[in-house]
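A.B. asks:
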Amino acid sequence: MKILVTGSAGFIGAALCERLLARGDEVVGIDNLNAYYDVSLKKARLTRLTPHPQFRSYVLDIVDRNGMAELFGRERPQRVMHLAAQAGVRYSLKNPYAYVDSNLFGFMNVLEGCRHNDIENLVFASSSSVYGANTKMPFSVHDNVDHPVSLYAATKKANELMAHTYSHLYQLPCIGLRFFTVYGPWGRPDMSLFLFTRNILEGKPIEVFNYGNHRRDFTYITDIVEGVIRCIDTVPEGNRAWTGDAPDPGTSNAPYRLYNIGNNNPVHLMRFIEVLETCLGKVAERKLLPLQPGDVPDTYADVDDLVQDLGYRPSTTVEEGVPRFVEWYKDFYG
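Note that this note's numbering has the sequence shown beginning at 1229, numbered continuously upward.
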């Protein structure tokens, strides 16, 4: 297939492109290479992809309405994986307009491109952050998520609503994926594993929020990519049993579905740090801090729908995944 991947220089985007190319797909990647985090890392990810004859890369911001329309018209992809977004919960407290621009206006341009170019299937990145103030565990796509606790989460919830509208109005097949704490080689420098590793190696204290009482459904990058690929390959259909008398948030009578992609096994943050310390052979100096605004104490994914519909369940443990990240980090940064 010919697949458009937005955010192709990002952590998940680059890993996904690599897998799609390996199986023989033609991949069109776009990324604006913004400076939210180290641009050289983004370029290094792209360097691994650009030699492939089936890969074409564009430096383009999804907020560019005309540029996006021209790209869709020129490339005519069959399917779209939309990953480009302004990421990060805490940064949304400092620069909220970046989230409105990229996550709302940008996503609108993606939807319009899909609508006007007969896209067979749009898969888009949502986030476990949409669960917000929910405390019922594990988090299910069939539960209401109307209480976000960060602007980032609110924009991701808005993406789900926008996609459903286009699915309903134009019969555009859409799948939204709620990712749970992704980690692994080539990861994002603003994520905890990256920050912890760097500070421990440099002999600096690590900041442990909520006094270490977090639990996270840490999900390894290859598990995420496998789930994404299965969604790209599976065009959703309407749920014939759906009714407005008892509306199911996770499905629709339109060709629209939501899935959690998480490890289905929350790990205490302190255990995560212990595994990292073992890999590095150094004990961290821990600076215990209160819960940050916008953060949630725990995440835990119900992946029953992923298993039932797509036959897949993430399974990589932190004891397997963290050493792979540390090996990559030491090699990449010398």
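Backbone N, C-alpha and C define an ideal beta-carbon position, used for all residues, glycine too.
Since the model is a prediction, treat every value here as computed from it, not as a measurement.
#1: Against chain D, does R1302 count as a neighbour if the rule is that its beta carbon must be under 8 Å from one of theirs?
#2: Beta-carbon separation of N1488 and S1480 under 8 Å?
#3: Assign G1415 to buried or exposed, taking buried as 16 or more other Cβ atoms, counted over all protein chains shown, within 10 Å of its Cβ.
#4: Could you pull out every residue in the same chain whose Cβ sits closer than 6 Å to the Cβ of L1508, ignoring the five residues on either side in sequence?
#5: In terms of residue numbering, what span does the alpha helix (DSSP H) encompassing K1432 cover?
#6: Could you compute how far the alpha carbon of V1358 sits from the alpha carbon of I1231?
#7: Just the C-alpha distance for A1482 and C1342, rounded to the nearest angstrom, thanks.
#8: Between the alpha carbons of N1493 and A1529, how many angstroms are there, rounded?
#9: Check whether the Cβ atoms of E1303 and L1277 lie closer than 8 Å to each other.
#10: Less than 8 Å between C-beta atoms, sequence neighbours within five positions excluded: which residues of the same chain meet that for V1373?
#11: Does the structure place the segment 1251-1264 close enough to the segment 1364-1373 that three or more beta carbon pairs sit under 8 Å?
#12: CA-CA distance, T1275 and S1268?
#13: What does the alpha-carbon distance come out to for the pair M1296 and I1347?
#14: Give me the residue from G1455, L1339, T1409 and F1424 with the minimum Cα distance to Q1399.
C.D. replies: For this structure:
#1: The structure shown has no chain D; it contains just one protein chain.
#2: Within the sequence shown, the letter at position 260 stands for residue 1488. Within the sequence shown, the letter at position 252 stands for residue 1480. No, they are not a contact pair.
#3: Within the sequence shown, the letter at position 187 stands for residue 1415. Buried: at least 16 other Cβ atoms inside 10 Å.
#4: In the sequence shown, the residue the question calls residue 1508 occupies position 280. Contacts found: I1428.
#5: Here residue 1432 is taken as the residue at index 204 of the sequence shown, counted from 1. Element bounds for K1432: n/a, residue is neither H nor E.
#6: As a working mapping, residue 1358 is identified with position 130 in the sequence shown. As a working mapping, residue 1231 is identified with position 3 in the sequence shown. Using only the alpha carbons, I get a separation of about 27 Å.
#7: Position 254 of the sequence shown, counting from 1, holds the residue named residue 1482. Position 114 of the sequence shown, counting from 1, holds the residue named residue 1342. Approximately 16 Å, taken between the alpha carbons.
#8: Against the sequence shown, residue 1493 aligns to sequence position 265. Against the sequence shown, residue 1529 aligns to sequence position 301. Using only the alpha carbons, I get a separation of about 8 Å.
#9: Numbered from 1 along the sequence shown, position 75 holds the residue referred to as residue 1303. Numbered from 1 along the sequence shown, position 49 holds the residue referred to as residue 1277. It is not a contact, given that the beta carbons lie outside the stated cut-off.
#10: Your numbering for residue 1373 matches position 145 in the sequence shown. Only V1358, Y1359, G1360, N1362, K1385 and P1477 meet the Cβ criterion.
#11: no
#12: Here residue 1275 corresponds to residue number 47 of the sequence shown, with the count starting at 1. Here residue 1268 corresponds to residue number 40 of the sequence shown, with the count starting at 1. For T1275 and S1268, the distance between alpha carbons rounds to 10 Å.
#13: What you label residue 1296 is simply residue 68 of the sequence shown in a count that begins at 1. What you label residue 1347 is simply residue 119 of the sequence shown in a count that begins at 1. Each residue's alpha carbon lies about 14 Å from the other.
#14: Counting from 1 along the sequence shown, the entry for residue 1399 is found at position 171. Checking every option, the nearest Cα to that of Q1399 belongs to L1339.
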